[in-house]
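2 protein chains.
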Amino acid sequence: MGEAIEGRVRELIEDTNFCHVGTLTKDGWPMVVPTWVDLEGDLVVINSAEGRVWPANLRRDPRVALEIINSKDPYEYVWIKGRVVEATHKDADEHIERLAAKYLGEPFPKVAGEVRIKFKIEPLSIHYSPP
Amino acid sequence: MGEAIEGRVRELIEDTNFCHVGTLTKDGWPMVVPTWVDLEGDLVVINSAEGRVWPANLRRDPRVALEIINSKDPYEYVWIKGRVVEATHKDADEHIERLAAKYLGEPFPKVAGEVRIKFKIEPLSIHYSPP
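Which chain is which? The protein sequence lines are C and U, in order. Quick note on numbering: the first sequence equals residues 2 to 132 in my numbering. Quick note on numbering: the second sequence equals residues 2 to 132 in my numbering.
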């Protein structure tokens with residue numbers, strides 16, 4: 002069962018902080034890239050485009066790490082050990098628009114032909130580090 | 002052979018940007034935490050304290066990912082696939098003081114009894130993402 006996302010952890014994710022996503026490459030190496038992030042209930046939701054390395058990693062191996070750091074005080078952060086429970090194209094375009102509204106305050110700069118993919122992640126353990 | 006660290010990648014690391022370190026836990030899961038970072042030639046150098054999870058991960062498995070993001074423009078970042086080539090207590094106290102001078106502009110807030118450890122990381126591949 003996933004852990005509930007509450008208190009400062011929920012606030013850090015709901016704010017416009019970036020998420021640093023750790024995935025596993027084909028050769029078993031960790032990989033870390035920054036992404037936008039938001040929540041659907043107690044699931045953490047991120048979005049990418051088909052053809053990139055890290056979404057391919059998550060399709061191959063659902064084990065994922067999410068680190069969200071407070072951009073106003075980088076000594077406060079949360080590290081989440083999670084598992085991808087859904088990878089879908091359905092609603093992925095609407096989702097990237099919601100993320101663009103949150104982070105950019107304007108429509109997402111669409112790239113022609115790009116196929117968006119949305120990942121829903123269940124938090125298995127949540128490690129909050131206070132400032 | 003490691004890759005040379007040049008241009009914007011070197012500037013991003015030399016600036017006071019945080020590094021998001023990806024390691025592998027005992028159960029093979031990725032883990033991501035923020036750290037301070039600097040360079041020794043073409044090696045990326047990070048510092049932690051014995052007893053924490055991520056340095057123990059790096060002692061067990063030298064495969065590491067480093068993501069350094071521009072705090073002034075989070076759409077510019079670099080992702081480095083690296084390998085730990087040295088984990089040492091020697092010079093680790095002096096190194097954390099150099100990092101504190103860089104990031105805090107003041108002495109490191111020492112914790113009594115804490116044993117610092119310094120990791121030297123060879124970059125195997127460098128992926129720069131322009132803003």
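Yeah, the Cβ is synthetic: ideal placement off N, Cα and C, and Gly gets one too. Since this is a predicted model, take the numbers as computed values, not measurements.
DSSP three-state label for residue i, please.
{"i": "U:ALA88", "result": "strand"}
{"i": "C:GLY83", "result": "strand"}
{"i": "U:GLY1", "result": "With chain U running from 2 to 132 in the structure shown, residue 1 of chain U is simply not present."}
{"i": "C:TYR76", "result": "coil"}
{"i": "U:LYS121", "result": "strand"}
{"i": "C:GLY23", "result": "strand"}
{"i": "U:GLU12", "result": "helix"}
{"i": "U:ALA102", "result": "helix"}
{"i": "U:GLU68", "result": "strand"}
{"i": "C:ILE97", "result": "helix"}
{"i": "U:ILE127", "result": "strand"}
Please list, in chain order, the chain C residues whose beta carbon lies closer than 9 Å to that of residue i.
{"i": "U:ILE70", "result": "PHE19, HIS21 and PRO35"}
{"i": "U:LEU25", "result": "LEU25, GLY29, TRP30 and PRO31"}
Any beta-carbon of chain C closer than 8 Å to the one on residue i?
{"i": "U:TYR129", "result": "no"}
{"i": "U:PRO110", "result": "no"}
{"i": "U:PRO56", "result": "no"}
{"i": "U:LYS82", "result": "yes"}
Which residues of chain U have a Cβ atom closer than 8 Å to the Cβ of residue i, listed in chain order?
{"i": "C:ARG64", "result": "GLY29, TRP30 and PRO31"}
Am I right that residue i and residue j are in contact with their C-beta atoms under 8 Å? What's the rounded C-beta distance?
{"i": "U:VAL45", "j": "U:ILE14", "result": "7 Å"}
{"i": "C:GLY3", "j": "C:PRO124", "result": "5 Å"}
{"i": "U:HIS21", "j": "C:GLU115", "result": "Their Cβ separation, rounded to whole angstroms, is 25 Å, which puts U:HIS21 and C:GLU115 out of contact at 8 Å."}
{"i": "U:ASN18", "j": "U:LYS119", "result": "19 Å between Cβ atoms; not a contact."}
{"i": "U:LEU25", "j": "C:PRO31", "result": "6 Å"}
{"i": "U:GLU77", "j": "U:PRO35", "result": "About 17 Å; that fails the 8 Å criterion."}
{"i": "U:ASP43", "j": "U:ARG99", "result": "Actually they do not touch by this definition, with Cβ atoms about 18 Å apart."}
{"i": "C:ILE122", "j": "C:ARG84", "result": "7 Å"}
{"i": "C:VAL86", "j": "C:GLY23", "result": "The Cβ separation is near 17 Å, so there is no contact."}
{"i": "C:SER130", "j": "C:VAL79", "result": "7 Å"}
{"i": "C:VAL33", "j": "U:VAL112", "result": "Actually they are not in contact, since the Cβ atoms of C:VAL33 and U:VAL112 sit about 27 Å apart, beyond 8 Å."}
{"i": "U:GLY117", "j": "U:ALA50", "result": "According to the sequence displayed, residue 117 of chain U carries Arg and not Gly. Confirmed, about 6 Å."}
Whose Cβ in chain C lies nearer than 7 Å to the Cβ of residue i?
{"i": "U:PRO75", "result": "PHE19 and PRO35"}
The ligand GTP and residue i: does any heavy atom of the ligand fall closer than 7 Å to the residue's C-beta?
{"i": "U:GLU68", "result": "This structure simply doesn't include the ligand GTP, nor any ligand for that matter."}
Please confirm whether residue i has its beta-carbon closer than 8 Å to some beta-carbon of chain B.
{"i": "C:CYS20", "result": "The structure shown contains no chain B; the protein chains it does contain are C and U."}
With a floor of 4 residues, list each alpha helix (DSSP H) that falls wholly inside the region 32-63 of chain C, ordered by position along the chain. 54-61
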